Amino acid sequence: MAATTEERACPICDLPVYPDEDYCEACGHRLDAPVPRCPGCGGSTISDGYCEQCGLRQPDGTDHIELEVTGAAGVSDRGLRHSRNEDAMALAVTADGVAGVVCDGVSSSTRPEDASRVAADTGAAALAELRAAGQDAESATRTAAARAAEAVAALVGGDGDDTQPTEPPSCTYVSALVHGDAVTIGWIGDSRAYWLPESGEGAQLTEDDSWAGQMVASGALTEEEAERHPNAHVITAWLGADATDAEPHVRTLTPDTPGVILVCSDGLWNYYPEPARLAEAAPAAASEPLEAARTLTRLANEAGGRDNITVVVIPFRPQTPPSAQPTQEPAR
Amino acid sequence: MTGNPDFTLTVDQNKYLPEGGQEVHAIVTVEASGVPAAGAVRSTSAAEVIIIDTSGSMDYPRTKMSAAIRAAQTAVDSLRDGVAFAVVSGSARARMVYPAGEQLVPANPQTRQEAKAALERVRPAGGTAIGAWLGLADRLFAAHQEGIRHAILLTDGKNQHESPEQLDAVLQSCAGHFVCDCRGVGTDWEVAELRKVASTMLGSVDIVASPNDLVADFRAMTEAAMGKAVADVALRVWTPQAARLRFVKQVTPSVEDLTGKRVEAGPRAGDYPIGAWGAESRDYHICVEVPPGTIGQELRAAWVKLVLPGAGGGQEQVLATGNVLAEWTDDEAQSTRINPKVAHFTGQAELAEAIQEGLAARKSGDVDTATARLGRAVKLAHESGNEAIAGLLDKVVDVEDQATGTVRLKKNVDKADEMSLDTRSSKTVRTRKGGA
Chain E
175 MAATTEERAC PICDLPVYPD EDYCEACGHR LDAPVPRCPG CGGSTISDGY
225 CEQCGLRQPD GTDHIELEVT GAAGVSDRGL RHSRNEDAMA LAVTADGVAG
275 VVCDGVSSST RPEDASRVAA DTGAAALAEL RAAGQDAESA TRTAAARAAE
325 AVAALVGGDG DDTQPTEPPS CTYVSALVHG DAVTIGWIGD SRAYWLPESG
375 EGAQLTEDDS WAGQMVASGA LTEEEAERHP NAHVITAWLG ADATDAEPHV
425 RTLTPDTPGV ILVCSDGLWN YYPEPARLAE AAPAAASEPL EAARTLTRLA
475 NEAGGRDNIT VVVIPFRPQT PPSAQPTQEP AR
Chain L
27 MTGNPDFTLT VDQNKYLPEG GQEVHAIVTV EASGVPAAGA VRSTSAAEVI
77 IIDTSGSMDY PRTKMSAAIR AAQTAVDSLR DGVAFAVVSG SARARMVYPA
127 GEQLVPANPQ TRQEAKAALE RVRPAGGTAI GAWLGLADRL FAAHQEGIRH
177 AILLTDGKNQ HESPEQLDAV LQSCAGHFVC DCRGVGTDWE VAELRKVAST
227 MLGSVDIVAS PNDLVADFRA MTEAAMGKAV ADVALRVWTP QAARLRFVKQ
277 VTPSVEDLTG KRVEAGPRAG DYPIGAWGAE SRDYHICVEV PPGTIGQELR
327 AAWVKLVLPG AGGGQEQVLA TGNVLAEWTD DEAQSTRINP KVAHFTGQAE
377 LAEAIQEGLA ARKSGDVDTA TARLGRAVKL AHESGNEAIA GLLDKVVDVE
427 DQATGTVRLK KNVDKADEMS LDTRSSKTVR TRKGGA
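First to last, the sequence lines map onto chains E and L. For the first sequence, the working numbering gives the first residue as 175, with consecutive numbering after it. For the second sequence, the working numbering gives the first residue as 27, with consecutive numbering after it.
Put into C-alpha cells, the structure is as follows:
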C-alpha cells in the first residue's frame, strides 16, 4: 500500500500528530524541537540522566566544552577513559586584563563534577569583582581561592546520588590573572600553570601539592623517581569540607617578552609535562588561543586520554615599552 | 494516605567493572522511620488471625497444649483496640475457636475476654493439615484486604493429613493475601516444610523447643505485628534492555530469595513483594548481569524503587528510589575493590546454604560432605561475627579450628539443637563495622 498523506508521529510519545500542528496534543512536546536521543541505543526516553531503554548514562553537556572571551580561550574534554568530565574551567574579563580558572574534581570524592564547577565559577567571578573593586592582584587571588573553597565546602550533605558515602565533594584549583604587565598565579592541588614565551625557555609556574611534588621540592627524589612511585599523584591539598589547609600558593611574574600563560589539569600535563614540548605542540598559541587549546586537548587524547583534559590559553604581551615589541606576529 | 513511615533507600556497591565485566552486585538498604508508637492511634487498619495446632499430639506432653493456649491468650491480650481478629484451631481440618462464625471481630475488652474463654475450652484431637488452616485464615482475611494482615501459625507436627501438592496449591492461592509467622513447638515437625510456608507468606520461621517459651514468643510476634504501619510494600527493580536480573534476595534479618516472586510491572521492571513495615530496616542483595560496555561508559544497571500500592485501587506511590550503577574502567585498583557489605552478605547467604546442605548430608549419612559443609559454616560464622549461628553450630560439631573450619561431627546431637540450627541457619547479622 502506497503512503498517501504525510503521516507524522510525535517523536516523544509516538502518537499520531496532524501535519500543521506545532505541539503534540497528547504529551505537549514541541514538534520542531530536537529530541534528545540516547547515543547508545537511540532511545528517546531519558529519566534522571539515564536511558530508560539501555540504561546508558546520558552526556550532560560537559563532554567537550569550548570557551572564548577577549584575551583568553579554553577547552575542557571528558577524555577517553572516564564516564564524565569532572574538570571545570571559567574565564572572566577583568578591569585591566583577564582571569582564567581550572579545577579538577577529585574522583574519589562524591560529586566531584559539582565541586570543580562551583569552584571555577566562584573563583573567576570573584577575581573580576575584586579587581573591579581595586583590590591588588595577589590578595584578589587569595580571596578568590578562599571563596571558591567555601563554596565547595558548602556542597557537603547535599542530595544527589550518594551511592558511595565517602569523601565530601572536592577539587583542585588554579587561577591565572593577567593584569597590565604582570601575571598572578594562585593554586591548591596539582593543576598547573605554565609560562610559554614566544621565544626562549618556558617554565612551570606552579609546584604540585602532591606526594611527588613534595618529594621533588624537598630534594628527596628526582622528578623522574618521584613520578614512578605509585603515590606520585596523590594530592596533598585540595578544596573541600575535609580540607585542612586551603591556603593557596601565590606568585606573580612580569615577563618581558610576549608568550602565553597555559593553565591546565593533569589530563594534559601527564602526557606533556615539559614547557618546551607544550610550546612546541602549540606554536601559534599567542595568536590563536582557542586553536592552541584544541590542539593540546587533541594531543592528550591521542596520547591515551586517560583523564579529563582542560586547557586554558591566555596570550600575554608586555605593554611597555611598545617599541620593544617584536613585530613578526601575524595580524589578528 | 497519611501516617506512612519515612522510607529511605541506600545503595552500597562498587560500580567499577573491568573491561568485559558483566556482573553487578549491590546491597540495597531500606529503612523505615517515623512510625507512630505502638500505643498511638493509627490510621492503618489491622487484622490478626491466630492459628494454633490442636492435633492429638499436642497432648503429649500435656504442657504443649496448655502452653499453646496461654500463648494464644497472651497474643489476644496484645492486640490493639479495634484490630479485627479471630482464633483458629487446626487439626485435620480448621475450626473457628473465636468468634463462632467465619469472620473477624474488632478487639475490645469484651471480645478479648470471650476469645480467651473460648481458648480454655479447646481440646486436642485429630491430625495435621496446615493447608486447611491457611485456607480458613485466607477466607477470614478476604474481607479485610486493606491495611496490615498478619497471622501466627503454631504447629507441633508434620503436615500428614494432606498431600504436599495440596499444601502447595493453598500456598499459591494465599500468597500476598497476608503475612504469616510460623512456629514449630517440640521436635516432631518438619523444618523444610514450615520454612516453605513462612517464605511463601513473607513471614518468619522459628523453633520453640520448650513449650514454656511460647508465651513470650507469641507476645513478641503480636507486638511486632501491631508495630507495622504499612502493608504490601514492593521493591520495583528496573533493568536495562539486554540485561538479566540474576537474583533479588533479602539478606537481613534473614536470607530469603525473592527472585521467583517477581510480578511484571511495566517495561523491563518487576515488583518483588517485601511485606509489611514498621520502624525497621532490611537489606537486599541485587545481582544484575549487564551486556559488556566500553571503558569509560556508565550504565544504570538497576533502578530500584520502593512502591506502595494505592489504597482502594488508587494511585501507587513511589516512596524512595536508588541507582545500581556499572562503570567500566581499566584502573584495576577500582575494579578489584570489594564492597564490604556485598562481601559480607554474600558470605551470610553462603553460610545459610552450607548449614542446610551440611545437615541434609548428615541426615543421609554422608559424613564427608556433612563435615566439609558444616566446617565451612563454622569458618564463615566465625569470620562474619555471627555469634548466634556459631553457638548453634557448636552443639552439632566439635570445632578444632574456627579459622580453617576444621570440625568433627558430634556423635550424639540433641534433636532440638539440630532443628534450631536448621531453622535459624538463614538468620544473618550485619557487618560489625559500619553496618547499621
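For glycine and all other residues, C-beta sits at the position ideal for the given N, C-alpha and C. The structure presented is a predicted model; accordingly, all values stated were derived computationally and were not measured.
- Distance between E:Ile409 and E:Ala294, taken at the CA atoms: about 18 Å.
- Within the same chain, Cβ atoms closer than 6 Å to the Cβ of L:Ala52 are found at Val37, Gln39, Ile312, Val350, the five residues on either side in sequence being excluded.
- Between the alpha carbons of E:Glu260 and E:Asn405 lies a distance of about 21 Å.
- By the beta-carbon neighbour count (other beta carbons within 10 angstroms, threshold 16), L:Val393 is exposed.
- Within 9 Å of the CB of L:Ile77, no CB atom of chain E is found; the nearest one sits about 43 Å away.
- Residue pairing by DSSP places L:Glu315 opposite L:Glu49, L:Arg270 in a beta bridge.
- DSSP places L:Ile321 outside both helix and strand once states are collapsed to three, so it counts as coil.
- In this structure L:Ala177 is not in contact with L:Ala120, their Cβ atoms being roughly 12 Å apart against a cut-off of 8 Å.
- Annotation: L:Val404 to L:Asn365 spans about 23 Å, alpha carbon to alpha carbon.
- Secondary structure of L:Trp215 (DSSP, three-state): coil.
- If you ignore the 5 residues before and after E:Ala299, its C-beta comes within less than 7 Å of the C-beta of Ala266, all in its own chain and listed in chain order.
- Remark: fewer than three beta-carbon pairs, one from each stretch, lie closer than 8 Å, so the stretch 194-210 of chain L and the stretch 410-426 of chain L are not flagged as touching.
- Considering only E:Tyr192, E:Asp222, E:Gly229, the residue with the shortest C-alpha distance to L:Pro266 is E:Gly229.
- A distance of 7 Å or more separates the beta carbons of L:Glu342 and L:Glu324.
- Our two residues, E:Gly253 and E:Ser365, have alpha carbons roughly 16 Å apart in a direct line.
- Exposed is the label assigned to L:Arg88, since fewer than 16 other Cβ atoms lie within 10 Å of its Cβ.
- Put simply, the CB of L:Arg149 is far from chain E, with every gap to its CB atoms at 7 Å or more.
- For L:Gln343, the closest Cβ of chain E is not nearer than 7 Å.
- At least one C-beta of chain L is nearer than 7 Å to the C-beta of E:Arg255.
- In chain order, Ala260, Arg262, Val289, Ala291 place their CB closer than 6 Å to the CB of L:Asp297, counting only its own chain and leaving out the 5 sequence neighbours on each side.
- Listed by position along chain L, the residues whose Cβ is nearer than 9 Å to that of E:Arg231 are Gln323, Glu324, Leu325, Arg326, Leu351, Glu353.
- At a cut-off of 7 Å, the C-beta of E:Tyr446 has no neighbouring C-beta in chain L.
- Taking a 10 Å sphere around the C-beta of L:Ala58, we find 16 or more other C-beta atoms and assign the residue as buried.
- Between the alpha carbons of E:Ile483 and E:Cys277 lies a distance of about 11 Å.
- A distance of 7 Å or more separates the beta carbons of L:Leu35 and L:Gly286.
- Contact check for E:Ala367 and E:Val437: beta-carbon distance about 5 Å, within the 8 Å limit, so the pair qualifies.
- Taking 9 Å as the Cβ-Cβ cut-off, the stretch 205-217 of chain E approaches chain L at Gly214, Cys215, Gly217, given in chain order.
- Straight-line spacing of the CA atoms in E:Thr268 and L:Trp264 works out to 50 Å.
- With a cutoff of 7 Å on beta-carbon distance, L:Ser71 and L:Gly173 are scored as near each other.
- DSSP places E:Arg425 inside the beta strand (DSSP E), whose first and last residues are 423-427.
- In the DSSP assignment, E:Trp412 forms no beta bridge with any residue.
- Interface criterion not met: the Cβ of L:Pro366 is under 7 Å from no Cβ in chain E.
- When Cβ-Cβ separations below 7 Å define contact, L:Gln198 makes no contact with chain E.
- E:Gly214 sits in coil when the DSSP states are folded into three classes, being neither helix nor strand.
- Within the same chain, Cβ atoms closer than 7 Å to the Cβ of E:Glu242 are found at Leu464, the five residues on either side in sequence being excluded.
- Assignment of beta-bridge partners to L:Val37 by DSSP yields L:Val54.
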